[in-house]
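Reading through the structure tokens given below for one structure.
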Amino acid sequence: MIVLYVLILLALFYGVLMGIYWYGWNHLKEYDPDLQHVHEDVYVSVIIPARNEAEHIQSCLHAICRQHYPPDKMEILVMDDDSTDDTAQRVQEIKDPRIRILHVNDYISHESRQRAPKKKAIELGVAHARGELIITTDADCVAEPDWIKTIVSFYRQYHAVCMAGPVIYANEKSFFDIFQSLDFMTMQGITAATDHLRIGTMCNGANLAYSRKAFNEVDGFTGIDGLASGDDMLLMYKLYCAYPDRVFYVKSRKAIVKTSPVKGLKAFWHQRVRWASKAGKFDDKRLTWVLAGVYCWNLTFCLLFFAGFFHTRWWLWALGLLVYKTVVELCFLIPVAAFFQKKHLLWYFFPGQFLHIPYIVSTGLWSLWSQYQWKDRKLK
């Protein structure tokens, strides 16, 4: 009987949580400014940390160079983090005076950046930036043409100090790609709802903007540089603590940044372990408790599956709860998918549950004590 009560409580918790996210997403108005009348007087520094990104860096840079923003009001800083491929050469092939490449190992010793190389690269970029507004993205991302203009418009209109922008996967070619896209899109919806309702701080470093002045006022990554990941969410929380009413999510199609799903299970595993490794490091314990509850909810399905070998009724419970989980998640995800124009992928949502639950449980557990691999480095 106690087990049944626990199952019901977890189901209620999850249903209420998804209801809160649904409300947050739908209550957040889409930002669609008249870009013809945007004051283009803000100098913007786009910082791109890059390690072994020869395959993607030119597509990323071409998209930024084609931005509908005055060339004399922006610069692009590529932070080459000790790449062992042709990343630097590919950058130098693009003859654009706005692009500067900084080799991180020319400024920071290997020992100093060993624990948090990406944070050190971004920190170096901010130190050399001339812009009032810093925008970070990843080297494997492609931005919409009005990306910078939209963020600048939002920055001016709301006097923001930190803005999370939408990121989405594109070029899905297989079921595994679609699974990743759906999972990532769900996280984007949760990010927007969480930031809007101010029940936590979430973002993705592939599309993050902040005031250079505010970054320096909170001492950048000082105090959060003991963890390799977290250059986005841990920083956002520092800025939120200093400016609680000036941290936002920019819900605008014009501000979308696109990237591709990772290739292969191994790369996916290491990526998600890297993301999960931040969970216990949040100073914002609201997120920690929510993540713990969601983890217990997913763990329940694994326990019910194994319990079913001893009594088949637990398999019926697992199936019933799985249908319930799918329904409440779809209620939230349908409007999110409509915004990102990916409703056609929802047909794959239920089959994806059989991958989603095991990966949540396994990566969450693995991240507690094990290393992961990122850009040919072993980190923790």
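For the sequence shown, UniProt numbering begins at 1 and goes up steadily by one.
For every residue, glycine included, the Cβ atom is placed at its ideal position computed from N, Cα and C.
Around the beta-carbon of Asp284, 16 or more other beta-carbon atoms lie within 10 Å, marking it buried. Residues Cys296, Trp297, Thr300 of the same chain have their beta carbon placed closer than 7 Å to that of Leu10, with the five preceding and five following residues left out of the count.
The straight-line gap separating the alpha-carbon atoms of Leu182 and Asp41 is approximately 37 Å. Residue environment analysis places Gln157 among the exposed positions, since fewer than 16 neighbouring C-beta atoms fall within 10 angstroms of its C-beta.
At the C-beta level, Trp147 and Val336 stay beyond 8 Å of one another. Comparing alpha carbon positions, the residue from Arg51, Asn216, Leu368 closest to Met79 is Arg51. Nearest to Leu4 by C-alpha distance, out of Phe340, Leu316, Thr326, Phe268, is Leu316. When Ser260, Tyr249, Lys213 are compared, the shortest CA-CA separation from Ala242 is found for Lys213. Residue state for Leu227 is assigned as coil, using DSSP reduced to three classes.
Of Gly352, Phe13, Val6, Ser362, the smallest CA-CA separation from Phe184 is found for Gly352.
Its Cα nearest to that of Arg198, the residue Met236 stands out among Asn105, Met236, Asp86, Tyr359.
Looking at Leu234, Phe221, Met233, Arg253, the one whose alpha-carbon comes closest to that of Lys149 is Arg253. For Gln188, same chain residues with a beta-carbon under 8 Å away, outside a window of 5 residues either side, are Pro166, Val167, Ile168, Asn204, Val336, Phe340 in chain order. Per DSSP, the continuous alpha helix (DSSP H) segment holding Ile190 begins and ends at 175-197.
Listed in chain order, the beta strand (DSSP E) elements of length 3 or more contained wholly in the segment 98-179 are 99-103, 133-136, 162-164, 167-169. For Glu75, DSSP records a beta bridge to Ser45.
Using a Cβ distance threshold of 8 Å, Asn105 and Asp86 do not count as a contacting pair. Ile178 and Cys331 have their C-alpha atoms some 19 Å from each other. Boundaries of the alpha helix (DSSP H) around Tyr5: 2-27. In this structure, Val361 keeps its C-beta atom at 8 Å or more from the C-beta atom of Lys258. In this structure, DSSP gives Ala50 an extended state, which the three-state scheme calls strand.
The three-state reading of DSSP puts Thr201 in coil, since its state is none of H, G, I, E or B. When only Cα atoms are considered, Gly15 and Val328 end up about 6 Å apart. Of the residues assessed, Glu123 falls on the buried side of the cut-off, its CB having 16 or more other CB atoms within 10 angstroms. With fewer than 16 other CB atoms across the displayed protein chains lying within 10 angstroms of its CB, Lys95 is exposed.
Going by beta carbons, Ser45 and Glu93 fall outside the 8 Å limit. Between His270 and Leu28, the C-beta spacing is not below 8 Å.
Taking C-beta atoms as the reference points, His128 and Leu77 count as a pair closer than 8 Å.
Rounded to whole angstroms, His68 and Gln58 show a C-alpha spacing of 18 Å.
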